[in-house]
Structure formats: C-alpha cells, structure tokens
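> To start, I am sharing the structure in question, which I have written as structure tokens.
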Amino acid sequence: SSQQRSIASFFESG
Amino acid sequence: MLELRLVQGSLLKKVLDAIKDLVTDANFDCSESGFSLQAMDSSHVALVALLLRSDGFEHYRCDRNLSMGMNLTNMSKMLKCAGNDDIITIKADDGGDSVTFMFESPSQDKVSDFEMKLMDIDSEHLGIPETEYHAIVKMPSAEFARICRDLSTIGDTVVISVSKDGVKFSTSGDIGSANVVCRQNNSVDNKDNETVIEMNEPVSLTFALRYLNSFTKATTLSNTVTLSMSKELPVVVEYKIAEIGHIRFYLAPKIED
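These protein sequence lines map, in sequence, to chains V and B. Here the first sequence is numbered in the numbering used here, starting from 85 and rising by one per residue. Here the second sequence is numbered in the numbering used here, starting from 7 and rising by one per residue.
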C-alpha cells in the first residue's frame, strides 16, 4: 500500500 | 479601497469553476502586484495557487494590501449570474465585511451588482520555493483531462513516468490495468497540440487520480497544461490564464510503505 503525505509537509509555513 | 475591472469576466467564472470543488473557503489576497489565492483542499493533500496579475486588469486599484475571505460556493453562485461576455468589476472597502461583484453587459445596457458577505478564514500561507524540476511535460490540456478521466475508470492512482521515450501514465485496478504513453511531437501548425518533454533525469511518481481529475476542471482556461515533476516532490499542474496569470495545482505524491 502507499501513503499519502500532506502537501503542507513539503513547503515552509509562514 | 479596492476596484478591479476585468474585461474578460468569463476568466473569473472559469477560475471559480476550476477550484470550487477542491477548496471550500479561501482568502483572496489583493496587492499592488495582483489578485491571488493560495489554499489547500480539506484533506491537505493538494494546494491551489492562483495569480491574476494587476496589469491584466483594465483598471486596477488596490490602495493597501487586502485579504478577503470568501466561501467559493457562494462566490461561484454569484459569478454564475454574470454573462459570459460581461465585464466583471470587484469592489471592496478597506476593513469592510463585504465584496461587491459588478457585471456590465458588453453594450453597457445592463448593469448588475451582487454583494457578498466576507468571512474570517484562518489559513496557513505556505512558502513555495523556486525549484529546478527533473522533468517538465507540456501537453494539450484536453489530452491530459482525457487520460485522467479514462484511467480513473480503471484505478484510483496513476503512476506518471517521464523518460526519454515520452511520458507514461499507468494505472491498475480490480478489472485490469492500463498504460497511456504520449511521445514528444512537434506540431508545425498548432503549438497547442504539441507534447514537449524537457527532461534532466527520468522521474516516476504516483498520484491519486481523483485530485488530478479535479484539477482538469481548469481545462477551459488554457489549451495546454504543464506538469513539472521531481523525485519525491509534489507535481505542479499549471494552466496559464490568457495574458493575465496562472493557476497552479500542487499534489503530494503517494509514497510506498
């Protein structure tokens, strides 16, 4: 099976 | 005071059609440079970034930076009341709690205004760095939409692989599997029909088809779409909007356990 990562985890917040 | 006059009002109608099913509420940010939006879908898997540059408007007045929280379903309801040939003007007062959409028919014989309540939206703004992508595929947007639609009848995910041979879209499901390969072609007559592949190194990523299908609602905005991919990074699906800007969808890849 494959995991779906959150898009926010790829970018910097702020 | 904010006043933005868009002669080709249909573009705004199309933009809303493209994003309203993906994003429920969003802040529209208005600054000297343009009218923009950045928002994630409710499951935080995809992100949409819209930019309509100020120089693409016939009249653009934005006295100070303004962020306007809007419910996109409601905004879409209002914009549906504009004719396809109408000029749309967006108006708001600094610190006000509403936005007005004014629609003018091309012959100026009908003028409507629709006022919509704004809302407070607590949204996180993400910094998206400029990235060198391993592969960039430009292809007809209708072709991309067709492939996503076709493959989603077979499976839930698609593997997009770019190699020197072309771009391959693969899926599999309970009933079987499917592969679609698009090779680079050069159309002398019409650049919009071209598939152009720029590749620094081969890349293969897996994505949920339902998000890609949602992105293809932007197909009416542009004849071409660009897919930018790097290993283990989100794909960027970009539709240019005439002479005025772009809409970019970012989708996180699925990663094998």
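C-beta atoms are modelled at their ideal positions from N, C-alpha and C, and glycine is treated no differently. Note that the coordinates shown come from a computational prediction; the quantities given were computed from them, not determined experimentally.
Nearest-angstrom Cα distance between Leu85/B and Asp115/B?
19 Å
> Taking a Cβ distance cut-off of 9 Å, strictly less, list which residues of the segment 41-63 of chain B are near chain V, in chain order.
Met46, Asp47, Ser49, His50, Val51, Ala52, Leu53
> Given a cut-off of 7 Å on the beta-carbon distance, is the pair Gly40/B and Glu249/B in contact?
no
> Taking Cβ positions only, does Leu157/B come closer than 7 Å to chain V?
Among the residues facing chain V, Leu157/B is not included, as its CB has no counterpart in that chain under 7 Å away.
> Could you pull the start and end residues of the alpha helix (DSSP H) that Met81/B belongs to?
78-85
> By alpha-carbon positions, which one of Glu64/B, Arg59/B, Leu22/B ends up nearest to Ala45/B?
Leu22/B
> Should Thr79/B be labelled buried (16 or more other beta-carbon atoms within 10 Å of its own) or exposed?
exposed
> Looking at Leu233/B: is its Cβ nearer than 7 Å to the Cβ of Val143/B?
yes
> Take Val202/B and list the residues in its own chain whose beta-carbon comes closer than 7 Å to its own, dropping the five residues that flank it on each side.
Lys144, Gln190
> Ignore the nearest five residues each way along the sequence and tell me which others in Val29/B's own chain have a CB closer than 7 Å to its CB.
Ala45, Asp47, Val54, Leu78
> I'd like to check one pair, Val173/B with Thr212/B: are the Cβ atoms closer than 7 Å?
no
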